[in-house]
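Student: Quick one: the structure is below, questions incoming.
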Amino acid sequence: MSAAAGVEAAGVEKAAVLLSEARDVTLLAHVQPDADALGSTLALGIALRRRGATVRVSFGAPDHMPESLRPLDVLGLVVPAGEVPMAPELLVACDAAEPARLGVLADRLGGASRSVMIDHHRSNPGFGDVQVLDPTADATVVLVHEVLVAMGVEIDTDIARCLYAGLVTDTRSFRFAGPASHRLAAELVETGMDTEALVRPIMDEHPHAWFAALAGALQRCTLEPELGFVHTTVPLADVTRFRIEEVDSVIDVIRGATEAEVAAVLKEIGERRWSVSLRSKNAVDVAAVAGALGGGGHRAAAGFTWTGTSDDLLAAIRAELAKNAV
Ligand SMILES: [Mn+2]
16 MSAAAGVEAA
26 GVEKAAVLLS
36 EARDVTLLAH
46 VQPDADALGS
56 TLALGIALRR
66 RGATVRVSFG
76 APDHMPESLR
86 PLDVLGLVVP
96 AGEVPMAPEL
106 LVACDAAEPA
116 RLGVLADRLG
126 GASRSVMIDH
136 HRSNPGFGDV
146 QVLDPTADAT
156 VVLVHEVLVA
166 MGVEIDTDIA
176 RCLYAGLVTD
186 TRSFRFAGPA
196 SHRLAAELVE
206 TGMDTEALVR
216 PIMDEHPHAW
226 FAALAGALQR
236 CTLEPELGFV
246 HTTVPLADVT
256 RFRIEEVDSV
266 IDVIRGATEA
276 EVAAVLKEIG
286 ERRWSVSLRS
296 KNAVDVAAVA
306 GALGGGGHRA
316 AAGFTWTGTS
326 DDLLAAIRAE
336 LAKNAV
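Counting in our numbering, the sequence shown runs from 16 upward without gaps.
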């Protein structure tokens with residue numbers, strides 16, 4: 016066992032003790048929460064509520080739960096950000112690489128009596144009273160599972176579905192999953208959960224009206240062979256009209272370009288405002304690219320926001336790709 020793993024194991028034990036003793040727990044996912052962030056907070060929330068604790072799950076933005084993830088919240092634990100107390104007794108941040116990723120709820124960290132951070136981002140500087148931070152974990156739900164086991168929680172199908180949702184999405188359907196994640200998946204499936212019914216709405220389904228907008232994004236898709244770079248845009252009208260599930264699926268199509276190592280989708284979120292998704296097949300560290308441009312993420316999946324023209328934005332990405340070229 017490495018030194019880092021030892022530190023993480025100590026964090027797991029401390030987190031389990033704090034959570035087991037807590038009577039009021041506030042669990043926060045990062046802004047624009049994905050299945051790993053919400054699966055993590057809801058798995059812990061379900062276990063704690065069933066033990067009698069007062070539990071709330073929230074996130075800084077948007078003001079509603081992503082539709083495809085609503086089935087995970089079987090106990091109705093998610094509350095609007097405005098209902099999160101200013102001074103939580105125990106605050107748990109899940110899958111947030113830094114306090115700023117909690118958005119408008121970042122200030123609750125300072126107000127909390129105690130705080131626990133559970134995360135797997137390499138860029139995480141460490142925050143919170145108790146830290147369960149392991150960049151080698153395939154997903155934050157893997158670390159949450161360790162905490163639940165340390166608490167002596169029995170993993171039922173409701174909790175298993177939350178954990179599996181984070182695992183299957185963060186590993187891109189287990190393609191980036193190591194042996195430990197495959198073993199955990201087997202354990203979760205053994206609880207009797209229906210994996211296909213859980214995953215299809217999260218990863219596969221889109222309304223028919225989306226296909227025309229997707230066609231537009233694919234028509235605008237540009238390949239820069241010399242950089243191995245493929246990119247497209249999603250205009251504000253489509254970002255506004257469609258769910259985040261649709262808008263964020265574009266990157267998964269264009270990343271498949273044979274000629275490209277790096278893919279970028281520029282999502283227009285306002286006047287000269289862009290939210291950018293980056294993906295890499297392996298050779299390029301897009302977390303470094305995103306980090307240089309004010310964002311962050313993982314080696315193969317990262318993002319950042321940008322103010323300015325799309326031409327300037329693409330030029331900035333090209334400059335970073337040239338620096339990170341292999
Ligand atoms: Mn994650």
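Here a beta-carbon is modelled for each residue, glycine too, at the ideal position from N, C-alpha and C.
Heavy atom of ligand 1 less than 8 Å from the Cβ of D149, yes or no?
Tutor: Result no, Cβ not under 8 Å from ligand 1.
Student: Is N139 buried or exposed, if buried means 16 or more other CB atoms sit within 10 Å of its CB?
Tutor: Buried is the call here.
Student: How about D263: is its Cβ closer than 8 Å to a heavy atom in ligand 1?
Tutor: For ligand 1, not one heavy atom lies less than 8 Å from the Cβ of D263.
Student: I need the DSSP call for R287, collapsed to helix, strand or coil.
Tutor: If DSSP states are grouped into helix, strand and coil, R287 belongs with coil.
Student: Can you give me the C-alpha to C-alpha distance between A121 and D78, rounded to a whole angstrom?
Tutor: Roughly 16 Å between the two C-alpha positions.
Student: Are L124 and S73 closer than 9 Å when you measure CB to CB?
Tutor: Result no, Cβ atoms of L124 and S73 do not sit closer than 9 Å.
Student: Would you list the one or two residues that DSSP bridges to F244?
Tutor: For F244, which the question treats as bridged, DSSP gives the partners E239, V277.
Student: Can you name, in chain order, every residue of its own chain whose Cβ lies under 8 Å from the Cβ of R287, other than the five neighbours on each side?
Tutor: Counting only Cβ-Cβ distances below 8 Å, and skipping sequence neighbours, we find T322, G323, T324.
Student: Where does A192 sit, in a helix, a strand or coil, going by DSSP?
Tutor: Coil at A192, not helix or strand.
Student: With a threshold of 8 Å, are at least 3 pairs of Cβ atoms found where one atom belongs to the stretch 29-47 and the other to the stretch 171-191?
Tutor: Short answer: they don't touch.
Student: Could you give the C-beta distance for C236 and V245, rounded to a whole number, given that I count them as a contact under 8 Å?
Tutor: Their Cβ separation, rounded to whole angstroms, is 6 Å, which keeps C236 and V245 in contact under 8 Å.
Student: Below 9 Å between beta carbons: does that hold for F311 and H136?
Tutor: According to the sequence provided, residue 311 is Gly. The question's Phe does not apply to it. Yes. Within cutoff.
Student: Determine which residues share a DSSP beta bridge with S292 and list them.
Tutor: DSSP, once it has assigned bridges, lists V280, G318 as partnering S292.
Student: What's the call for R256, buried or exposed, on a 16-neighbour Cβ count within 10 Å?
Tutor: Exposed: under 16 other Cβ atoms inside 10 Å.
Student: Who pairs with I133 in a beta bridge, going by DSSP?
Tutor: I133 is bridged to C109, V147.
Student: Check whether the Cβ atoms of A200 and V183 lie closer than 9 Å to each other.
Tutor: Taking 9 Å as the Cβ cut-off, A200 and V183 qualify as a contacting pair.
Student: Report whether the distance from the Cβ of T56 to the nearest heavy atom of ligand 1 is below 8 Å.
Tutor: Not so, every heavy atom of ligand 1 lies at least 8 Å from the Cβ.
Student: Is A108 a contact residue of ligand 1, with contact defined as CB to any heavy atom under 8 Å?
Tutor: Checking the Cβ of A108 against ligand 1 gives no.
Student: Tell me which residues share the same chain as L106 and place their Cβ nearer than 7 Å to its Cβ, disregarding the 5 neighbours each side in the sequence.
Tutor: The answer, listed in chain order, is T41, L43, R123, L124, A127, S130.
Student: Select from A154, L87, I266 the residue whose C-alpha is nearest the C-alpha of H313.
Tutor: Of the listed residues, the one whose Cα sits closest to H313 is A154.
Student: Does ligand 1 have a heavy atom nearer than 8 Å to the CB of T247?
Tutor: The answer is no for T247.
Student: What three-state label does DSSP hand D171 in the structure shown?
Tutor: Of the three classes helix, strand and coil, the one that applies to D171 here is coil, per DSSP.
Student: When every heavy atom of ligand 1 is checked, does at least one fall within less than 8 Å of the C-beta of H135?
Tutor: Yes, ligand 1 has a heavy atom inside 8 Å of this Cβ.
Student: For L229, tell me which candidate among E239, T247, E241 has the shortest Cα-Cα distance.
Tutor: The candidate whose alpha carbon is nearest that of L229 is T247.
Student: Would you call the CB atoms of V277 and G243 closer than 9 Å?
Tutor: In this structure, G243 lies closer than 9 Å to V277 by Cβ.
Student: Cutting at 8 Å between CB atoms, please list the residues of its own chain near E28, excluding the five before and the five after it.
Tutor: Within the same chain, E28 has close Cβ partners A165.
Student: May I ask which residues mark the beginning and end of the beta strand (DSSP E) holding R71?
Tutor: It spans 69-73 - the beta strand (DSSP E) in which R71 sits, taken as one unbroken run.
Student: Leaving out five residues before and five after A76 in sequence, what residues of the same chain have Cβ atoms less than 8 Å from its Cβ?
Tutor: Answer for A76: V46, Q47, A96, G118, V119, listed in chain order.
Student: Nearest CA to the CA of A24: which residue from I133, T320, W225?
Tutor: A24 has its Cα closest to that of I133, out of I133, T320, W225.
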